[in-house]
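Take a look at the structure set out below.
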Amino acid sequence: MSDHSSPSRPPPSAAQPSVTETYELSVNGRARSVPDAWIGESLLYVLRERLGLPGAKNACEQGECGSCSLYVDGVLLNSCCVLAADAVDADIRTVEGLGDGGHLTDVQQAFLDAGAVQCGFCIPGLIVTVHDLLDRVPDPDELQVREAISGNLCRCTGYGRILQAVEDVKLARLADPEGSS
Amino acid sequence: MSADTTGTTTRTPGVRDGLDTDAARPDGTPKVTGAFAFSSDLYAQQMLWGRTLRSPHAAARIVSIDTSAAEAMPGVAAVLTAPDVPGKATYGLEHADQPVFASDVVRYQGEAVAVVAAEHPELALRAVRAIEVVYAVTAPLTDPEAAIDAPPIHPDGNVFRHLPLRHGDIHATGEVVVEGTYEMGMQDQAFLGPESGLAIPSEDGGVELYMSTQWLHVDRDQVAACLALPAEQVRMTLAGVGGAFGAREDVSLQVHVSLLALRTNRPVKMLYSREESFHGHVHRHPAKMWFRHHADRDGTLVKVEARLVLDGGAYASSSTAVIANAVCFAGGPYRVPNAEIHGYAVRTNNPPCGAMRGFGVVQACFGHEAQMDRLAEALGMDPVELRLHNALRPGDELLTGQVITGTAPVREVIEAAVAHDLPPLPVDGESVMALPGGAGLTAERRDVRRGTGIAVSIKNLMFSEGFDDYSTAGVKLELDPRGRPIATVHCACAEVGQGFVTLAQQITRTALGVEQVLLRNADTQIGSAGSTSASRQTWMSGGAVQLACEAVQERLFERASVRSGVAVEAGRRRHFRMRDGEVVEVDGTFAMSVAELLAEGPIEEIREHHHPATEPLDEDGQGNAHVSFAFAAHRATVDVDPELGLVKVLQVATGQDIGRALNPRAVVGQIEGWIAQGVGLAVMEEILVQDGLIKNPSFTDYLIPTALDMPSVVQTVIEQPEPGAPFGAKGVGEPPTISSTPAVVAAIRAATGRELPRVPVRPQDIALT
Ligand code: FES
Ligand code: FES
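Chain order of the listed sequences is A and B. Our numbering puts the first sequence at residues 803 to 983. Our numbering puts the second sequence at residues 521 to 1289.
Written out as structure tokens, the structure is:
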């Protein structure tokens, strides 16, 4: 659940595209150094390929699918559309940073319980998006939920079990406001 | 607690998360935390990035290729073209007609011409751009009808297969005749996980290939042939698969990435961009179809005539099998005593087409279901009544002359689909998001028209026409370090999201009464499991796991017979059975725990599972070509804004024949997911191809249903155990996508009165015709 053990990967041994920088990112509460990286790299690429955090996915890399969803300074973003070098000084939170000490969040558990996971490629992005929705809007109606997750494509499930999972978390949180994560 | 017996499996209801339960996916937790390794997540020290140079033209001669500038770039480790292929120069799923690299001509936009490996993906992209290819562009052959007689664009000719089918009296006529021409556009599987893989050179000169695919062993064989390596030097392991739906049955980058790894002697990763993915895998065949249906006044079908032309694009892929499905099931799930069908799958310079769930039946079903509605109208009969009147039953004959020996609950699926409540009528103060056009605020409720339509389908399960698509599984039963029994299952079945990993555990738990079941990686260290397609893995690999479990059980019984002194030379099953983690003597007193019997060592067995043999089709398309059939019915309800031609699909109600729900929760998810793909094909999904060129290779322009587009789904499953099927279960993945499309289009026709002979239905088809 946390990235604390994920090693930074060594920079590629030989050539790099021209114009590289060394910079630092704050990811899941921890400072991570990004040495000698081409400045054209997206935040998604740097997390996945340089920082060993592959939880954000790369289904389109052009802002259309939501599989790369994460928080930058508390705002839900498609990380494929953000340059990593622009995210210096920002607080980046990925799916790997959602859980608490190895426990699943209520949203993660609800996805499992509802049978919302098939191939799973869309799932990390959806988990982040649903957290964002329910933290902002504790009691969304079904259309609001559908609208909120409409930027996250899923090709396997037809969304039915995902909507069920969101409903389950919503009701559980409304019943027990203290227990939510 | 008593054990009951179903088929040949001893079921011990005591074990947790066995068959018939909502057992959890073993890969569920890593998939929700982000820890699950998809093929695009793979990484190796010193890894290079591969990238493909693809033809920008649909048809051209290659005049020259100059790779020198790319090779000279710093950070570029290899640039490979056709002469660098050490083995077979071509590959292909059924016919090896596709070059690894085009060298003299290119036959479709996106055909691979060269690959590079570089230290960084951006460098690989720049190196690809630095390769200079001079093309002499030629006129592409893009009309499939014209392709039948046009000069061949490939040495193997332009017709992949012409399949005639003649059944009964082809001169029979009915009192009522309806005729129609129908068309289907090119659908993309649009899985979310892009094509990707990692190849690592091995010390013996071979290659380790980690790949998202549907069928490890045919990939391996194609890679080995092109690399001129013996099969055992190509070791493939399944990497996490982000959806498949048919698009990963063909080789994409497997040969390329392996060539690069062997040339550079370094690990190489390849990862397609979304745009490249649209060019890098086969699609659903576009179809042009003519049908003529004959019936008696009372609605009894007399004859079906059809001519089906499927555009296979530049290379064969599985076109010959796709057209067979279209032809065999052109009559639909109905009794049709007489038929003459001609199917053509042809080669053009359009993007190659192959497997996509529903596999040929999707195209035919759109045609035959539109025809059934036309016929109902001509007869003045209710469309549901007409279908019920002609519905296939067990013992009926198909167009191929094959008699249905298994279950055929066609009437039941229709009745179940229409028994569901219709969606609620609009309420005052409804959200604009509930209207066609949604947030665009383009529609007013008073202009919106509602319509409902129905469609029914038949789909063959497993491969047909004499193909022995067996599966292999190994099961090892031993004691864990704490002395408790633990089973390990090994099977090369590709888990693509459907949940085979869950099912393999459920089967093993139930068969052996153990709760701890581990799964080894799917790889080529065991025999083939066949393809994850054709709704076949529950039956084929589920059956293989079952057989291996039974073989392990036999060995336990052998040990029990030695320990107990009960002599059981033959028919051990009659003397022993499993109960709550023990082997017990039937009608006796001996009982010993599985753990105790395992103390003398582990037990491991490997078994192959074959389905009953099928036959090729004869020259009239007749023969017992198929193993088993599944049926589904869909009733769709839509709201349409006729002025702008916008459609909102409100609800799809379905009845589906599934044999038996081995994991009911997984069944619900499968049915919802595949209805989504059927709805997508009905109203939004099409690869737009103009002069052989794809106009919309992105998720910006190729639309798949979002959560806002997806209707509510209400479902009833019909559980009639299929004789001969392991556990009586039929595959559930394909039927939902087959008849949901024609049901939605029928609903739009009902709402608008338009003919709509083509899918996907575009706004202009509604608003401007
Ligand atoms: S990968 Fe970022 S939106 Fe698709
Ligand atoms: S579970 Fe496969 S894309 Fe959503």
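Note that the Cβ used here is the ideal one computed from N, Cα and C, for glycine as well. Just so it is clear, the structure is predicted and the values come from calculations on it, not from any experiment.
1) With DSSP run on the structure shown, which of helix, strand or coil describes Asp978 of chain A?
2) Per DSSP, what kind of secondary structure is Phe1020 of chain B in: helix, strand or coil?
3) Can you list the residues of chain A that Ile651 of chain B reaches, using a CB-CB cut of under 7 Å?
4) What are the residues of the segment 540-556 of chain B that lie near chain A, defined by any Cβ-Cβ distance shorter than 9 Å?
5) Would you check if the segment 1257-1275 of chain B and the segment 963-972 of chain B touch, i.e. whether three or more CB-CB distances between them fall below 8 Å?
6) Run down chain B in chain order and give the residues with a C-beta less than 7 Å from the C-beta of Arg948 of chain A.
7) Run through DSSP, which three-state label would Leu1288 of chain B get?
8) Among B:Pro853, B:Gln1171, B:Ala579, which has the Cα closest to the Cα of His674 of chain B?
9) Please return the same chain residues whose Cβ sits closer than 6 Å to the Cβ of Leu828 of chain B, not counting the five positions on each side in sequence.
10) I need the residues with a C-beta less than 6 Å from some heavy atom of ligand 1; please give them in chain order.
11) For Phe1151 of chain B, which three-state DSSP category applies?
12) Which first and last residues belong to the beta strand (DSSP E) in which Thr1174 of chain B is found?
13) Could you spell out where the beta strand (DSSP E) holding Ala815 of chain B opens and where it closes?
14) Could you name the residues of chain B that Ala887 of chain A contacts, counting a contact when the two beta carbons are closer than 7 Å?
15) Based on DSSP bridge pairs, tell me the residues matched to Met756 of chain B.
16) Closest to Ala1111 of chain B by C-alpha separation, out of B:Phe1096, B:Thr601, B:Ala1245, would be which residue?
17) Examine ligand 3 and report whether any of its heavy atoms sits within less than 7 Å of the Cβ of Ile925 of chain A.
18) In angstroms with no decimal places, state the Cα-to-Cα distance between Thr840 of chain B and Phe680 of chain B.
19) Are the C-beta of Met706 of chain B and some C-beta of chain A separated by less than 8 Å?
20) Quick one: what does DSSP say Pro1184 of chain B is sitting in, helix, strand or coil?
21) Determine the burial state of Asn785 of chain B: buried for a count of at least 16 other Cβ atoms within 10 Å of its Cβ, exposed for fewer.
22) Does the beta-carbon of Thr959 of chain A have 16 or more other beta-carbons within 10 angstroms, so that it is buried, or is it exposed?
23) Does the Cβ of Cys885 of chain B lie closer than 7 Å to at least one heavy atom of ligand 2?
24) Asn830 of chain A touches chain B at which residues, Cβ-Cβ below 7 Å?
25) Around the Cβ of Gln985 of chain A, are there at least 16 other Cβ atoms within 10 angstroms (buried) or fewer (exposed)?
26) Identify, in the order they occur along the chain, each residue of the same chain with its Cβ nearer than 7 Å to the Cβ of Pro1132 of chain B, setting aside the five sequence neighbours on each side.
27) Run the CB neighbour count on Leu1201 of chain B, radius 10 Å, all protein chains shown included, and call it buried at 16 or more, exposed below.
28) Under 8 Å: do the segment 933-950 of chain A and the segment 556-572 of chain B share three or more Cβ pairs, one atom per stretch?
29) On a CA-only basis, which of B:Val788, B:Val968, B:Ala807, B:Glu1128 is nearest Ala1049 of chain B? Give me that one, please.
30) For Glu1192 of chain B, go through chain A and note every residue whose CB falls closer than 8 Å to its CB, in chain order.
31) Mind checking who Arg1278 of chain B pairs with in its DSSP beta bridge?
32) With a threshold of 8 Å, are at least 3 pairs of Cβ atoms found where one atom belongs to the segment 1204-1212 of chain B and the other to the segment 1138-1147 of chain B?
33) Under 8 Å between C-beta atoms, does Pro856 of chain A make it to chain B?
34) What does a CB cutoff of less than 6 Å around Gly800 of chain B pick up in its chain, not counting 5 residues either side in sequence?
35) Between the alpha carbons of Gly904 of chain A and Gly763 of chain B, how many angstroms are there, rounded?
36) May I ask you to verify whether the segment 887-902 of chain A touches the segment 839-856 of chain A, counting CB pairs closer than 8 Å and requiring at least 3?
With the given structure in hand:
1) Taking the first sequence and counting its residues from 1, the one referred to as residue 978 of chain A is at position 176. If DSSP states are grouped into helix, strand and coil, Asp978 of chain A belongs with coil.
2) Within the second sequence, numbered from 1, the residue matching residue 1020 of chain B stands at position 500. When secondary structure is reduced to three states using DSSP, Phe1020 of chain B falls in the helix class.
3) For the purposes of this step, residue 651 of chain B is taken as the residue at position 131 of the second sequence. Listed along chain A, no residue sits closer than 7 Å to Ile651 of chain B by beta-carbon distance, the nearest being about 17 Å off.
4) Listed by position, the residues of the segment 540-556 of chain B near chain A (Cβ gap below 9 Å) are Asp542, Ala544, Arg545, Asp547, Gly548, Thr549, Pro550, Lys551, Val552, Thr553, Gly554, Ala555, Phe556.
5) Below 8 Å, enough C-beta pairs join the segment 963-972 of chain B and the segment 1257-1275 of chain B to call them touching: three or more.
6) Here residue 948 of chain A is taken as the residue at index 146 of the first sequence, counted from 1. By Cβ distance, chain B contributes Ala1227, Leu1228.
7) In the second sequence, counting from the first residue as 1, residue 1288 of chain B sits at position 768. Here DSSP, grouped into helix, strand and coil, assigns Leu1288 of chain B to coil.
8) The residue you call residue 674 of chain B lines up with position 154 of the second sequence. From the listed residues B:Pro853, B:Gln1171, B:Ala579, the smallest Cα separation to His674 of chain B is found for B:Ala579.
9) Sequence index remark: in the second sequence, residue 828 of chain B carries index 308 (1-based). If we look at Leu828 of chain B and ignore the five residues flanking it on each side, its Cβ neighbours are Met809, Ala846, Gly863.
10) Put simply, the residues with a CB less than 6 Å from any heavy atom of ligand 1 are A:Asn860, A:Ala861, A:Cys862, A:Glu863, A:Gly865, A:Glu866, A:Cys867, A:Gly868, A:Ser869, A:Cys870, A:Asn880, A:Cys882, in chain order.
11) Position 631 of the second sequence, counting from 1, holds the residue named residue 1151 of chain B. Look at Phe1151 of chain B here: in three-state DSSP terms it is strand.
12) By 1-based counting over the second sequence, the position of residue 1174 of chain B is 654. Per DSSP, the unbroken beta strand (DSSP E) holding Thr1174 of chain B starts and ends at 1166-1177.
13) Translated into the one-based positions of the second sequence, residue 815 of chain B becomes position 295. Start and end: 807-815.
14) Taking the first residue of the first sequence as position 1, residue 887 of chain A is located at position 85. Under the 7 Å cutoff, chain B gives no residues; its nearest Cβ is about 14 Å from Ala887 of chain A.
15) Taking the first residue of the second sequence as position 1, residue 756 of chain B is located at position 236. Paired residues: B:Leu729.
16) As a working mapping, residue 1111 of chain B is identified with position 591 in the second sequence. Nearest of B:Phe1096, B:Thr601, B:Ala1245 to Ala1111 of chain B, Cα basis: B:Phe1096.
17) Of the ligands this structure carries, namely ligand 1 and ligand 2, none is ligand 3.
18) The residue labelled residue 840 of chain B in the question sits at position 320 within the second sequence. The residue labelled residue 680 of chain B in the question sits at position 160 within the second sequence. Between Thr840 of chain B and Phe680 of chain B, the C-alpha separation is close to 6 Å.
19) By one-based count along the second sequence, residue 706 of chain B stands at place 186. Cβ-Cβ to chain A under 8 Å: no for Met706 of chain B.
20) Against the second sequence, residue 1184 of chain B aligns to sequence position 664. Pro1184 of chain B carries a helical assignment under DSSP once its states are collapsed to helix, strand and coil.
21) Within the second sequence, the letter at position 265 stands for residue 785 of chain B. Asn785 of chain B comes out exposed.
22) Sequence index remark: in the first sequence, residue 959 of chain A carries index 157 (1-based). The C-beta of Thr959 of chain A has 16 or more other C-beta atoms within 10 Å across all chains shown, which makes the residue buried.
23) Here residue 885 of chain B refers to the residue found at position 365 when the second sequence is read from its first residue. With a cutoff of 7 Å, Cys885 of chain B does not count as near ligand 2, since its C-beta is closer than that to no heavy atom of the ligand.
24) The residue given as residue 830 of chain A occupies position 28 in the first sequence. Chain B residues near Asn830 of chain A: none, gap ~11 Å exceeds 7 Å.
25) Any answer about residue 985 of chain A is impossible in this case: the structure gives chain A only from 803 up to 983.
26) On the second sequence, residue 1132 of chain B is found 612 positions in, with the first residue counted as 1. Same-chain partners within the cutoff: Val1147, Gly1244.
27) Locating residue 1201 of chain B in the second sequence gives position 681, where the first residue counts as 1. Buried, since its Cβ has 16 or more Cβ neighbours within 10 Å.
28) Contact between the segment 933-950 of chain A and the segment 556-572 of chain B is absent, because fewer than three Cβ pairs lie under 8 Å.
29) As a working mapping, residue 1049 of chain B is identified with position 529 in the second sequence. Checked all of B:Val788, B:Val968, B:Ala807, B:Glu1128; the closest Cα to Ala1049 of chain B is B:Glu1128.
30) The sequence position of residue 1192 of chain B within the second sequence is 672, counting from 1. By Cβ distance, chain A contributes Thr959, Gly960, Tyr961, Gly962, Arg963.
31) As a position in the second sequence, residue 1278 of chain B is number 758, starting the count at 1. Looking at the DSSP assignment, Arg1278 of chain B forms a beta bridge with B:Glu703.
32) With the cut-off at 8 Å, the segment 1204-1212 of chain B and the segment 1138-1147 of chain B do not touch.
33) Position 54 of the first sequence, counted from the start, is the residue given in the question as residue 856 of chain A. At least one chain B Cβ lies under 8 Å of Pro856 of chain A.
34) As a first step, residue 800 of chain B must be located in the second sequence, where it is residue number 280. Contacts found: Glu715, Ser772, Tyr792.
35) Counted from its first residue, the first sequence places residue 904 of chain A at position 102. Counted from its first residue, the second sequence places residue 763 of chain B at position 243. Taking the straight line joining both Cα atoms gives about 27 Å.
36) With the rule of 3 Cβ pairs closer than 8 Å, the segment 887-902 of chain A counts as touching the segment 839-856 of chain A.
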